[in-house]
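Chains as they are written, first to last, in numbering that gives the first Met the number 0: chain A, 0 to 615; chain B, 0 to 349. The beta carbon of each residue, even a glycine, is placed where N, CA and C say it ideally should be.
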Amino acid sequence: MDWITTVDHKKIAVLYLIAGGFFFGIGGIEAILIRIQLMKPMNDFVSAQVFNELITMHGTTMIFLGVMPIIFAVMNAVVPLQIGARDVAFPFVNALGFWTFLFGGLLLNLSWVMGGAPDAGWTSYTPLSGSEYSGTHGVDFYTIGLQIAGLGTLIGGINFLATIITMRAPGMSYMRMPMFTWTTFITSAIILFAFPAITVGLVLLTFDRILGANFFDVAGGGNPVLWQHIFWIFGHPEVYILILPAFGIISEVIPTFARKRLFGYSSMVFATILIAFLGFMVWAHHMFTTGLGTVANALFSISTMLIAVPTGIKIFNWLFTMWGGQIRFTAANLFAVGFVPTFVMGGVTGVMLASAPADFQFHDTYFVVAHFHYVIVGGLVLGLFSGLHYWWPKMFGRVLSETLGKWTFWTFMIGFQLTFFVQHFLGLMGMQRRIVTYLPNQDFDLLNLVSSVGAFLMGVGVIMFLVNIVITTRKPADAPNDPWEDGRTLEWSIPSPPPEYNFKQTPLVRGIDAYWKEKMAGHTEMTPAEPVGSIHMPSATPLPFVMSVGIFIAGLGLMFSKDDFGNAFMNGLFNNYIVVIIGLLITFGAMALRSLYDDHGWHIEPEDQDEKGVRT
Amino acid sequence: MMKQWQVAKRILPLLAVFSLLLSACGREDLSVMKPQGPVAQGQYDLMKLSITIMIVVLIIVFAIAAYVLIRFRRRAGQNEVPEQVEGNFKLEVIWTAIPLLLVIVLAVPTVKTIFAQGEDLSNDKNAIQVKVTSHQYWWEFTYPQYDVTTAQDLIIPTGKKIAFELKTADVLHSFWVPSLAGKMDTNPDGTLNKFSFSAPNEGVYRGKCAELCGRSHAFMEFKVKAVSQESFDKWVNEMKAPAVLPEDTQLAEKFKTNCLSCHAVGDQGGPVAPNLTGIGGKQSVAGILLNQGEGQEDGNSVLDNMKEWLHDPQSVKPGNTMPNPKDLGLTDEEIDGIAEYLANYKLDYE
Numbered sequence: 000m001d002w003i004t005t006v007d008h009k010k011i012a013v014l015y016l017i018a019g020g021f022f023f024g025i026g027g028i029e030a031i032l033i034r035i036q037l038m039k040p041m042n043d044f045v046s047a048q049v050f051n052e053l054i055t056m057h058g059t060t061m062i063f064l065g066v067m068p069i070i071f072a073v074m075n076a077v078v079p080l081q082i083g084a085r086d087v088a089f090p091f092v093n094a095l096g097f098w099t100f101l102f103g104g105l106l107l108n109l110s111w112v113m114g115g116a117p118d119a120g121w122t123s124y125t126p127l128s129g130s131e132y133s134g135t136h137g138v139d140f141y142t143i144g145l146q147i148a149g150l151g152t153l154i155g156g157i158n159f160l161a162t163i164i165t166m167r168a169p170g171m172s173y174m175r176m177p178m179f180t181w182t183t184f185i186t187s188a189i190i191l192f193a194f195p196a197i198t199v200g201l202v203l204l205t206f207d208r209i210l211g212a213n214f215f216d217v218a219g220g221g222n223p224v225l226w227q228h229i230f231w232i233f234g235h236p237e238v239y240i241l242i243l244p245a246f247g248i249i250s251e252v253i254p255t256f257a258r259k260r261l262f263g264y265s266s267m268v269f270a271t272i273l274i275a276f277l278g279f280m281v282w283a284h285h286m287f288t289t290g291l292g293t294v295a296n297a298l299f300s301i302s303t304m305l306i307a308v309p310t311g312i313k314i315f316n317w318l319f320t321m322w323g324g325q326i327r328f329t330a331a332n333l334f335a336v337g338f339v340p341t342f343v344m345g346g347v348t349g350v351m352l353a354s355a356p357a358d359f360q361f362h363d364t365y366f367v368v369a370h371f372h373y374v375i376v377g378g379l380v381l382g383l384f385s386g387l388h389y390w391w392p393k394m395f396g397r398v399l400s401e402t403l404g405k406w407t408f409w410t411f412m413i414g415f416q417l418t419f420f421v422q423h424f425l426g427l428m429g430m431q432r433r434i435v436t437y438l439p440n441q442d443f444d445l446l447n448l449v450s451s452v453g454a455f456l457m458g459v460g461v462i463m464f465l466v467n468i469v470i471t472t473r474k475p476a477d478a479p480n481d482p483w484e485d486g487r488t489l490e491w492s493i494p495s496p497p498p499e500y501n502f503k504q505t506p507l508v509r510g511i512d513a514y515w516k517e518k519m520a521g522h523t524e525m526t527p528a529e530p531v532g533s534i535h536m537p538s539a540t541p542l543p544f545v546m547s548v549g550i551f552i553a554g555l556g557l558m559f560s561k562d563d564f565g566n567a568f569m570n571g572l573f574n575n576y577i578v579v580i581i582g583l584l585i586t587f588g589a590m591a592l593r594s595l596y597d598d599h600g601w602h603i604e605p606e607d608q609d610e611k612g613v614r615t
Numbered sequence: 000m001m002k003q004w005q006v007a008k009r010i011l012p013l014l015a016v017f018s019l020l021l022s023a024c025g026r027e028d029l030s031v032m033k034p035q036g037p038v039a040q041g042q043y044d045l046m047k048l049s050i051t052i053m054i055v056v057l058i059i060v061f062a063i064a065a066y067v068l069i070r071f072r073r074r075a076g077q078n079e080v081p082e083q084v085e086g087n088f089k090l091e092v093i094w095t096a097i098p099l100l101l102v103i104v105l106a107v108p109t110v111k112t113i114f115a116q117g118e119d120l121s122n123d124k125n126a127i128q129v130k131v132t133s134h135q136y137w138w139e140f141t142y143p144q145y146d147v148t149t150a151q152d153l154i155i156p157t158g159k160k161i162a163f164e165l166k167t168a169d170v171l172h173s174f175w176v177p178s179l180a181g182k183m184d185t186n187p188d189g190t191l192n193k194f195s196f197s198a199p200n201e202g203v204y205r206g207k208c209a210e211l212c213g214r215s216h217a218f219m220e221f222k223v224k225a226v227s228q229e230s231f232d233k234w235v236n237e238m239k240a241p242a243v244l245p246e247d248t249q250l251a252e253k254f255k256t257n258c259l260s261c262h263a264v265g266d267q268g269g270p271v272a273p274n275l276t277g278i279g280g281k282q283s284v285a286g287i288l289l290n291q292g293e294g295q296e297d298g299n300s301v302l303d304n305m306k307e308w309l310h311d312p313q314s315v316k317p318g319n320t321m322p323n324p325k326d327l328g329l330t331d332e333e334i335d336g337i338a339e340y341l342a343n344y345k346l347d348y349e
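This is the structure we're talking about:
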């Protein structure tokens, strides 16, 4: 019950982590099934229909329900601490964001047991995703599930923007913010501008499918290419929504374990902003083969290549952060150090893809599969592993086992390289992506087998991480404030895990790497910016949960509003939109309750302010 | 100018090494790395240039990383705090400028190639015009200059430019012959795509659908067969010759009523399903069951493939729209008879 009603950003972080980890596991199992199917030519481990469902759900789940929530977990756990805040700007909205994500994700995954998962690819290109060619409810689960989950992401992003703009501790100017907070800030801005595009796209597709509209139907005057534009205007920035937080994590971990401040901080900030900006102008590089014409292809080729410049700045800044430092190879730092060359690999193939005539060959082949897995797994997932090992003690008060962490790193890393490096060659040799099987004797056999073996190894790596968590959780929570001893930012100045109110007294920030600066000045803790006093806290409430349940019910109702259940009662309930109305009533009722009932929260008085962490 | 040459001189030997390395990969009729025509060659040259640049970048980054990781490890007893370096304006400008330079080196030939390959040949009298229509899950090729329609095997004369106009009859597909040219999507009416390629050498090249198009996406393959000009002309004539029907009149009647309502042979039948004229001489049955022949060492005989297809089309290509002949009321013997007839229905043009 405590967990359902919580509005504490640290607990919501844990919820995001558990839910995100759960979906990540599902997405991982889907990946393993895909690799089993492709292990040998003309395999019939799964049917073509199930294979298409697997690839669609693997992509959708990993991006929207796996890595994004884990990013949100880390952001929730760390950002308020890094800026010296007691919570996010809108704790209630924060909880609402989590619950809508969870119910959206559950709805999407219900498709596996409710008559067929979505099968038109994670990009769901029309007309394949239209009701004519995708007759099951699969794509409805996709549009409505993602709509609900996307709602959570959007309000989460807005919340972080408000938090970072308004709640920084005294003295923390923008140019003193830790890099992870910076990337969270920029990521949230991208979310703010990119998610409305997918929201609109999903609404249009829902209308086409459920209400018989013609936005993407040529016969009715629509245009299927329109979907591609809408999808990628969201979809390309989405890549940066994913990777920028990883950049932020790496920018925290590397300086800590090199014992040096981040090289070229201001150019890092500048590069991050530039990447975000360019990220919005390159969507059509996913569409070179759609036939946009030579001028469009030339412009989008060049603008895409330009992204290499700010990304290059970042890579060299990281390398030169370590230059002259004293590098410690903890598990967290191994992942960070492994991230750099792996991400560079993904980056250079990205530039190769940007060359439109060459992309005519690369597009929709395993070369592209290799490329984006190098970016998303080799970049983002390594970044997340690094961040989780790094901040685990701050979140839970327990340091993860270093030995197991290093084993995780090596298994995962070797597995990853095996899986995806060879896929570059598969693509160049003529293997297109999203194929359920392939003929023998095309020189695809061996490399596919290697790739599958690598995937199993990655699976083993992930299991080791889970084992590590289980073992660590059984140990006492006795991590010190600054378990890495070289923590540089504010979160390391408070207990692990932090008390409910984070900072007993809001700290005074006197420079970049505020805590490190105090340590160098011979202090053991931050100078407070305020006297000890009563701390105002928001009240716990089940309303976000109730609202999300309402939306979930409305979504299900809408999806089945045209179905014949062979039962007059059920038909009456669904076909007259009664279920939709009930769901919306629950949501709006909860909203009304929230608006009408004035809750002032509560206070923690100075005598109750013990330094113990929240129970997690 | 001098400077550019020096860069080129340094890159050239690397280029040579990588093209050797890459060309070791894949089949000649399938691999992007063994281009068999000028369009694919142009794209491959661009790839080689970009790979060379990227490998140079990788080597530099990996070298710095390796050096840093070995040289600056924290050693036991090392407790003094390293100097907290803020940044270095000069260095940062350098690593902004160098990537920018590399991007320009790649961008210039990229743009050149885009415009060179974007040439519209649809009014070129010397080019062979081909209208490609993609269906779930087969390819239809129409030659408006010759008034000929065929399916699955695209027959082209060597050396001639082939100007394609692509469209789809249902969902999006993508037309791809890796060893001849990059892919191009087939969109519905209103957004038709055009492109062209040519094949200087005779041979059969494997083509694939590259855009997820449903259950049998993986099985939507086709072949491009480049033949001499004389053979091509002969093929066109054979295609236009009157239909050859089964000799057995009873079987011919069955074939007409059951198959020709959708399929066509010669001058008879309908345009809904793949044209069957000369089907016995094609490279494959249904695009995916390879027939025995040159370069298809693992293929079955045409007859076996035809029987496999006709006895259960769904197991070969799930989700295709061909009705099971058994459901049309044909007996096993009749199906075998039609299979045999079709397997022997070959055009003589080579």
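Does DSSP put residue i in a helix, a strand or coil?
i	result
residue 375 of chain A	helix
residue 340 of chain A	helix
residue 77 of chain B	coil
residue 262 of chain B	coil
residue 222 of chain A	coil
residue 202 of chain A	helix
residue 540 of chain A	coil
residue 251 of chain A	helix
residue 387 of chain A	helix
residue 55 of chain B	helix
DSSP beta-bridge partners for residue i?
i	result
residue 27 of chain B	Looking at the DSSP assignment, residue 27 of chain B forms no beta bridge with any residue, so it has no partner.
residue 535 of chain A	A:602
residue 139 of chain B	B:132 and B:150
residue 268 of chain B	B:263
residue 181 of chain A	For residue 181 of chain A, which the question treats as bridged, DSSP gives no partner whatsoever.
residue 184 of chain B	B:173
residue 205 of chain B	B:222
residue 290 of chain B	B:299
Under the assumption that residue i contacts residue j (Cβ atoms under 8 Å), give the Cβ distance between them as a whole number of angstroms.
i	j	result
residue 363 of chain B	residue 230 of chain B	There is no way to answer for residue 363 of chain B, as the model of chain B reaches only from 0 to 349.
residue 242 of chain A	residue 337 of chain A	Not quite, the Cβ-Cβ distance comes to about 15 Å (not below 8 Å), so this is no contact.
residue 159 of chain A	residue 78 of chain A	6 Å
residue 290 of chain B	residue 283 of chain B	6 Å
residue 316 of chain A	residue 366 of chain A	That pair is no contact at about 29 Å.
residue 355 of chain A	residue 287 of chain A	5 Å
residue 173 of chain B	residue 182 of chain B	5 Å
Roughly how many angstroms lie between the CA atoms of residue i and residue j, to the nearest whole one?
i	j	result
residue 15 of chain A	residue 206 of chain B	45 Å
residue 95 of chain B	residue 235 of chain B	58 Å
residue 153 of chain A	residue 271 of chain B	47 Å
residue 532 of chain A	residue 538 of chain A	19 Å
residue 49 of chain A	residue 308 of chain B	22 Å
residue 543 of chain A	residue 374 of chain A	34 Å
residue 301 of chain A	residue 108 of chain B	11 Å
residue 279 of chain A	residue 232 of chain A	7 Å
residue 237 of chain A	residue 228 of chain A	14 Å
residue 419 of chain A	residue 450 of chain A	7 Å
residue 223 of chain B	residue 29 of chain B	11 Å
What runs of the alpha helix (DSSP H), each 4 residues or longer, lie entirely inside the segment 557 to 589 of chain A?
-> DSSP runs (the alpha helix (DSSP H)) wholly in the segment 557 to 589 of chain A: 567 to 574.
Sequence ranges, alpha helix (DSSP H) only - wholly within the segment 403 to 482 of chain A, length at least 4 = Residue ranges of uninterrupted alpha helix (DSSP H) with 4 or more members, entirely inside the segment 403 to 482 of chain A and ordered along the chain, are 444 to 472.
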